[in-house]
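**Student:**
Protein chains: 4
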Amino acid sequence: PFSFSTSAMAKSKFEYVRQFETQDPCLPNTWIVIRLDGRNFHRFSTDHGFTKPNDERALHLMTRAAETVMNDFRDIVISYGQSDEFSFVLKKSTMLYSRRASKLMTHIVSQFSSSYVFHWAQHFPDQPLQYPPGFDGRVILYPSNKNLRDYLSWRQADCHINNLYNTCFWALVQQGGMTNTQAEERIRHTFSADKNEILFSEFGINYNNEPEMYKKGTVLVWKKVEETVTRTCRTAEDPVERPREVTKLRKKVVPLHTDIIGDVFWEEHPDILEEECF
Amino acid sequence: PFSFSTSAMAKSKFEYVRQFETQDPCLPNTWIVIRLDGRNFHRFSTDHGFTKPNDERALHLMTRAAETVMNDFRDIVISYGQSDEFSFVLKKSTMLYSRRASKLMTHIVSQFSSSYVFHWAQHFPDQPLQYPPGFDGRVILYPSNKNLRDYLSWRQADCHINNLYNTCFWALVQQGGMTNTQAEERIRHTFSADKNEILFSEFGINYNNEPEMYKKGTVLVWKKVEETVTRTCRTAEDPVERPREVTKLRKKVVPLHTDIIGDVFWEEHPDILEEECF
Amino acid sequence: PFSFSTSAMAKSKFEYVRQFETQDPCLPNTWIVIRLDGRNFHRFSTDHGFTKPNDERALHLMTRAAETVMNDFRDIVISYGQSDEFSFVLKKSTMLYSRRASKLMTHIVSQFSSSYVFHWAQHFPDQPLQYPPGFDGRVILYPSNKNLRDYLSWRQADCHINNLYNTCFWALVQQGGMTNTQAEERIRHTFSADKNEILFSEFGINYNNEPEMYKKGTVLVWKKVEETVTRTCRTAEDPVERPREVTKLRKKVVPLHTDIIGDVFWEEHPDILEEECF
Amino acid sequence: PFSFSTSAMAKSKFEYVRQFETQDPCLPNTWIVIRLDGRNFHRFSTDHGFTKPNDERALHLMTRAAETVMNDFRDIVISYGQSDEFSFVLKKSTMLYSRRASKLMTHIVSQFSSSYVFHWAQHFPDQPLQYPPGFDGRVILYPSNKNLRDYLSWRQADCHINNLYNTCFWALVQQGGMTNTQAEERIRHTFSADKNEILFSEFGINYNNEPEMYKKGTVLVWKKVEETVTRTCRTAEDPVERPREVTKLRKKVVPLHTDIIGDVFWEEHPDILEEECF
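Protein chains in written order, with our numbering: chain P, 1 to 278; chain X, 1 to 278; chain B, 1 to 278; chain S, 1 to 278.
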């Protein structure tokens with residue numbers, strides 16, 4: 001009853017379509033940055049009752065998803081997140097997926113997205129997820145360390161500017177009783193100093209004392225930690241195999257809420273940039 | 001207590017880094033295919049007890065995630081999935097995200113990934129998800145209708161070849177008591193006809209009678225369906241506004257398990273290819 | 001006296017820099033158009049005393065250079081030139097230089113440029129070339145026959161519009177005694193019909209009677225021609241080897257000054273578009 | 001007699017084809033190298049009686065064409081040529097043609113090609129050019145100074161290896177009376193030291209004393225030179241306008257035949273690499 005002998009032939013007849021696939025390798029010896037952004041997160045945050053201007057649960061969930069990505073892609077040397085965006089920096093010399101841009105960005109965006117949903121319930125125990133969220137991603141290449149630092153500074157300066165704006169805006173709305181439109185009008189043409197002044201004089205808020213996570217965003221770096229594990233082994237003194245406590249070094253992702261615009265951070269973490277492959 | 005006046009300036013000082021971003025528009029008047037593949041799904045399927053050679057729950061979950069993608073991106077005219085892969089075809093004239101390849105592929109992969117996790121529990125009620133799965137994606141352009149059909153034929157021929165192999169392999173292992181290695185040895189150099197013969201004479205399986213979803217994969221197309229909804233309105237006969245049952249046409253994603261290599265399918269769905277923008 | 005043994009080693013130490021080269025293949029099954037344009041040709045034409053609005057010698061030289069290109073790249077199925085630009089169309093299925101865009105455009109631009117200088121003296125016997133001219137090039141891909149025809153129509157419509165403008169402008173200057181600025185003012189806001197009217201009523205010029213090369217530009221196509229050559233051979237009738245006149249078919253580049261916007265040209269030259277590889 | 005009023009409309013109807021053109025900007029802050037190579041120069045050199053292993057006239061003509069290119073593109077900071085190839089290095093910060101790869105490579109290849117023909121007669125007074133030569137070009141990006149130096153070192157090491165081989169090969173043929181095949185056999189598996197020994201012991205040639213241009217190729221750099229010109233002007237001492245000799249600085253292309261693999265050259269020309277835009 002069988003007439004399948006032509007199938008492998010059929011497949012090979014169609015296989016020419018593979019020639020239409022393209023390679024898109026990233027230039028060697030260049031920092032690869034992959035930034036992802038939430039899609040329609042304004043609506044998503046409303047639908048899920050995010051507190052304004054910052055929802056701690058949502059930010060921690062973003063960080064949790066980013067940690068999953070870093071643990072999967074050990075060539076990421078630093079990540080930076082704020083609001084509904086996260087940037088991942090692959091080391092200059094990475095050969096992950098032969099540096100193919102499509103592979104890198106889709107894998108990272110996919111892993112981030114599925115992790116975000118996977119860990120949702122843990123961070124939002126009282127708020128069921130209504131529908132699966134989406135993120136988009138892009139690849140950007142930076143040839144020099146200075147370019148890379150300027151990129152990260154750009155994102156952190158953006159975090160600060162938006163957070164100051166949002167803190168002021170929501171104080172006017174939530175505590176000042178303004179409508180959204182009134183609040184917007186009020187601060188549209190103000191400078192940073194003006195917004196600080198409004199917060200301080202009208203609402204008694206010293207912006208400097210706001211949580212660092214809100215003002216600085218989240219930096220993820222690797223830290224070597226000592227870990228005590230139980231292994232069955234011998235020692236120099238005791239030739240019998242038995243379970244023993246052993247100390248070993250392990251790389252672990254650590255979140256920081258610190259300034260990365262100035263030099264201090266980079267002097268304290270010299271290993272991030274120092275790699276010199278060529 | 002405020003010293004933030006330099007921040008906006010700082011941001012603009014760093015903003016030059018945006019010049020390093022590139023555009024990657026897809027050639028106009030060309031079919032855009034986005035294919036995603038499960039990452040390490042061999043291990044993932046083992047970790048989650050997928051039945052072999054096909055797990056109906058897993059295939060339905062893939063289809064469910066793909067439907068979510070199609071409902072989000074209405075310019076997808078047809079999708080095709082098998083095993084842990086899915087291909088989405090955007091119409092030639094789509095201007096979605098200005099046809100930017102990065103945006104298109106990351107959005108689709110992201111939406112698929114988060115939907116896969118979101119709908120997991122519904123399809124695997126007795127099997128908790130252990131960890132978030134990953135998918136990768138790629139963009140491929142096809143200039144002609146023939147190229148596009150050959151691409152889809154290639155995937156469906158691949159589905160058939162793999163499924164016949166797997167059906168035979170797992171019969172030898174599960175019913176024939178062979179080890180994986182023995183089963184592999186047995187069928188390594190056989191043709192399709194040989195595998196059909198093994199299935200029939202040794203296990204009484206007529207491959208033709210295997211489920212169409214396993215043999216053909218899953219095709220998703222749009223179907224116009226009539227929907228009865230209640231609307232408060234007037235009619236020609238009755239000028240008073242009152243709730244009435246109204247019939248309207250709606251596009252709905254429909255899964256098919258049918259041959260797309262031959263001409264019949266395309267003759268029955270002329271609208272998929274007929275679009276002629278230029 | 002020799003210390004060179006390290007050189008081959010040195011070379012291999014540096015050879016990693018080849019990894020920075022990229023491939024840039026053109027999408028298969030797509031028309032490849034390469035258009036080149038004269039660089040600073042306004043100045044070049046003044047420096048070399050080109051007659052205005054059209055210099056027959058210069059146009060013939062452009063055509064001569066384009067013919068050289070076509071004879072070198074037999075996969076060019078049609079070329080179109082006007083003013084200081086020329087477009088070359090490579091057949092959809094060409095595998096020349098593995099369809100690498102850089103190779104294709106640089107070779108064609110290089111061959112055109114060196115030919116332009118090489119043949120200069122023949123077309124400008126009384127006007128020495130003052131300095132080497134430059135051309136730039138670009139690659140454009142067109143997926144469908146309609147797109148390709150529209151591209152060529154665009155260039156020919158451009159030729160017509162510019163030529164009508166220039167013919168009118170230079171009549172006003174050369175015969176009407178206007179300054180450049182006055183002539184420009186006069187025709188800036190006119191339609192085609194107005195320019196025709198000016199030419200006819202003020203200068204007795206019927207634009208329709210202007211040379212076709214000026215109005216339509218130059219189309220280069222292949223024509224099979226019979227050629228009589230002398231070969232030393234036998235025939236069925238005469239078994240002795242001796243020199244004989246033999247007729248053979250040869251492809252030859254032929255310049256036409258004809259409309260390529262309408263259907264007539266394409267119906268008369270069905271072979272240009274009919275190739276159907278996929 | 002006029003029916004052209006539809007032409008401008010026609011043009012705009014076709015103008016959509018411009019959307020198919022792509023941008024191809026080079027990554028900012030990255031060295032842009034454009035290398036061109038002679039096409040079929042083996043045959044070209046035979047057809048034009050080049051002396052072997054090196055033809056001084058041909059090398060000088062290559063240098064002359066490269067100088068023309070540099071004088072046209074002042075953002076080229078260094079060039080390197082050998083045999084039938086030349087590499088041009090554009091400074092990291094160049095914004096020439098908005099860093100568009102196609103524009104840069106086609107302009108440079110075009111200018112080089114037309115200059116090669118333009119200056120031919122001057123360098124080959126007794127050898128007419130038989131046909132226009134062709135060159136191809138490519139663009140390569142290098143992020144770091146080390147990568148760039150390694151690229152140039154790679155080309156110079158290649159020059160040395162080829163020249164030693166060719167010098168030895170042609171000595172065996174021209175002075176040793178071997179056929180090409182015999183000479184090839186003789187040196188195929190030898191090291192540099194062996195070839196030096198053959199040259200010295202069999203032909204009395206000390207390779208070290210061969211011309212530097214043959215051994216090292218040609219490096220083109222900018223040199224600031226004082227130039228005395230006559231200008232009509234006043235001075236502080238003499239308020240009357242009269243013609244005076246004035247000294248001014250001018251950048252001039254200078255050819256060198258020197259080692260660029262070691263550090264000495266780069267220490268003596270610190271300005272080539274020192275530019276630090278970001």
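All C-beta atoms, glycine included, are put in the ideal place defined by N, C-alpha and C. Note that the structure is predicted; figures quoted are calculated from it, not measured.
#1: Which one of P:K251, P:K216 and P:V240 has the shortest CA to CA distance from W222 of chain P?
#2: Ignore the nearest five residues each way along the sequence and tell me which others in Y97 of chain S's own chain have a CB closer than 6 Å to its CB.
#3: Answer yes or no: do D136 of chain P and D271 of chain P have a C-beta to C-beta separation smaller than 8 Å?
#4: Starting from the Cα of H279 of chain X, find the closest Cα among X:E212, X:P28, X:H269 and X:S45 and give me that residue.
#5: Assign I281 of chain S to one of three DSSP states: helix, strand, or coil.
#6: For chain X, is any of its Cβ atoms less than 8 Å away from the one on F50 of chain S?
#7: Let me know if M95 of chain X comes out buried or exposed under the rule of 16 or more other beta-carbons within 10 Å of its beta-carbon.
#8: Find the residues of chain B that neighbour T30 of chain X, judging by a C-beta separation of less than 7 Å, and give them in chain order.
#9: When you compare the CB positions of I78 of chain S and V225 of chain S, do they come within less than 8 Å of one another, or not?
#10: Hey, G176 of chain X and E197 of chain X: beta-carbon distance below 8 Å or not?
#11: Counting only the same chain and skipping the five closest in sequence on each side, list residues whose C-beta sits under 7 Å from that of F200 of chain X.
#12: Using CA coordinates, which residue listed in S:P132, S:T232 and S:T247 is at the minimum distance from V240 of chain S?
#13: In angstroms, rounded to a whole number, what distance separates the CA positions of V246 of chain B and H42 of chain S?
#14: Is it true that the CB of R138 of chain S sits closer than 8 Å to the CB of R35 of chain S?
#15: Going residue by residue through the segment 41 to 99 of chain P, where are the continuous beta strand (DSSP E) segments of at least 3 residues, counting only ones entirely within it?
#16: Is the separation between the beta-carbon of K92 of chain P and that of T51 of chain P shorter than 8 Å?
#17: Could you check how far apart the C-beta atoms of S113 of chain P and S110 of chain X are, in whole angstroms? I think they sit under 8 Å.
#18: Please say whether D259 of chain B and F14 of chain S have beta carbons closer to each other than 8 Å?
#19: Tell me whether I198 of chain B sits in a helix, a strand or coil according to DSSP, three-state version.
#20: Can you look up V219 of chain X in the DSSP assignment and give me helix, strand or coil?
#21: Counting only beta-carbon separations shorter than 8 Å, does L220 of chain X have a partner in chain B?
#22: Go ahead and label P133 of chain S buried or exposed: buried means 16 or more other beta carbons lie within 10 angstroms of its beta carbon, across all protein chains shown.
#23: Taking the C-alpha atoms as reference points, what is the distance between S144 of chain S and C26 of chain B?
#24: Could you tell me whether the Cβ of Q82 of chain X comes closer than 8 Å to any Cβ of chain P?
#25: Whole angstroms is fine: what's the gap from T167 of chain X's alpha carbon to E210 of chain X's?
#26: Just mark M70 of chain X as buried or exposed, buried being the case when its beta carbon has 16 or more other beta carbons within 10 Å.
#27: Any Cβ of chain S within less than 8 Å of the Cβ of L27 of chain P?
#28: Can you give the beta carbon distance from G217 of chain X to Q156 of chain X, rounded, assuming they're within the 8 Å contact cut?
#29: Using the rule of at least 16 other Cβ atoms within 10 Å of the residue's Cβ for burial, across every protein chain shown, is F191 of chain B buried or exposed?
#30: Return the bridge partner residues of F135 of chain S from the DSSP annotation.
#31: Determine, using beta carbons only, whether Y116 of chain X and L61 of chain X come nearer to each other than 8 Å.
#32: In its own chain, which residues sit with a C-beta less than 8 Å from the C-beta of D24 of chain X, not counting the 5 before and 5 after it?
#33: Entirely within the segment 156 to 201 of chain X and at least 4 residues each: give me those alpha helix (DSSP H) ranges in chain order.
#34: Counting only the same chain and skipping the five closest in sequence on each side, list residues whose C-beta sits under 7 Å from that of L164 of chain X.
#35: Using a Cβ cut-off of 8 Å (strictly closer), state whether N208 of chain S contacts chain P.
#36: Could you tell me whether any Cβ in chain B is nearer than 8 Å to the Cβ of T320 of chain S?
**Tutor:** Short version:
#1: P:K251
#2: K103 and L104
#3: no
#4: As shown, chain X starts at 1 and ends at 278. That puts residue 279 of chain X outside it, with no answer to give.
#5: Nothing in the structure corresponds to residue 281 of chain S, since chain S is present only between 1 and 278.
#6: no
#7: exposed
#8: Using a Cβ-Cβ cut-off of 7 Å, T30 of chain X is close to P143 of chain B, given in chain order.
#9: no
#10: no
#11: N206
#12: S:T232
#13: 33 Å
#14: yes
#15: 76 to 82 and 85 to 90
#16: No, these two residues do not count as a Cβ contact at 8 Å.
#17: 4 Å
#18: no
#19: helix
#20: strand
#21: no
#22: buried
#23: Rounded to whole angstroms, S144 of chain S to C26 of chain B spans 29 Å at the Cα level.
#24: no
#25: 9 Å
#26: buried
#27: yes
#28: 6 Å
#29: exposed
#30: S:G38
#31: yes
#32: Around D24 of chain X: R100, A101 and S102.
#33: 180 to 187
#34: S192, K195 and Y207
#35: no
#36: No information on residue 320 of chain S is available, as it lies outside the stretch 1 to 278 that chain S covers here.
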